[in-house]
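Undergrad: This is the structure I have questions about; it appears just below.
In UniProt numbering, the protein residues as written are 1 to 125.
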């Protein structure tokens with residue numbers, strides 16, 4: 001019995017390896033490259049000139065502040081809507097919960113073009 005439990009636990013850990021590799025290659029590595037390129041010039045030497053250029057342009061700072069504002073508002077809205085929705089889902093019967101989950105996931109299956117056009121219309125100013 002103990003041997004079966006150990007095998008189950010060890011095999012479950014081995015399933016995480018592809019996800020860790022995927023995350024490292026497609027999330028962590030690109031973020032590290034962005035940080036490295038932020039501190040390099042065209043010749044590949046260390047510089048803080050990129051940041052000096054950024055802070056010299058008021059429109060770049062305004063865009064950055066606007067992006068941070070949108071990120072904060074989006075995070076707050078997702079928390080305010082997500083936590084109650086998750087709580088309600090945990091309190092529902094399984095029969096109804098699966099239907100509600102499908103209703104939550106269904107918009108993610110919509111064509112990327114429609115989502116892109118909706119985003120452009122939403123942020124058009």
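Where a beta carbon is used, it is the ideal one built from N, C-alpha and C, also for glycine.
Computed from a predicted model, the values in this text were never measured in an experiment.
Residues bridged to residue 46 by DSSP?
TA: The sequence position of residue 46 within the chain shown is 46, counting from 1. The partner list for residue 46 (beta bridge, DSSP) reads 40.
Undergrad: Should residue 121 be counted as a contact of the ligand FMN given a C-beta to heavy atom distance under 7 Å?
TA: Looking at this structure, you won't find the ligand FMN or any other ligand, since it has none at all.
Undergrad: Give me the Cα-Cα distance between residue 100 and residue 78, rounded to the nearest whole angstrom.
TA: Your numbering for residue 100 matches position 100 in the chain shown. Your numbering for residue 78 matches position 78 in the chain shown. Going from the Cα of residue 100 to the Cα of residue 78 covers about 17 Å.
Undergrad: Residue 51 and residue 60: beta carbons closer than 8 Å?
TA: The residue you call residue 51 lines up with position 51 of the chain shown. The residue you call residue 60 lines up with position 60 of the chain shown. Contact: no.
Undergrad: Is residue 123 helix, strand or coil when you go by DSSP?
TA: Taking the first residue of the chain shown as position 1, residue 123 is located at position 123. Coil, per DSSP.
Undergrad: Thinking C-beta only, is residue 49 closer than 8 Å to residue 42?
TA: Translated into positions along the chain shown, residue 42 becomes position 42. Translated into positions along the chain shown, residue 49 becomes position 49. No, the Cβ-Cβ distance between residue 42 and residue 49 is not below 8 Å.
Undergrad: Are the Cβ atoms of residue 97 and residue 89 separated by less than 8 Å?
TA: Looking up residue 97 in the chain shown gives position 97. Looking up residue 89 in the chain shown gives position 89. Closer than 8 Å, so yes.
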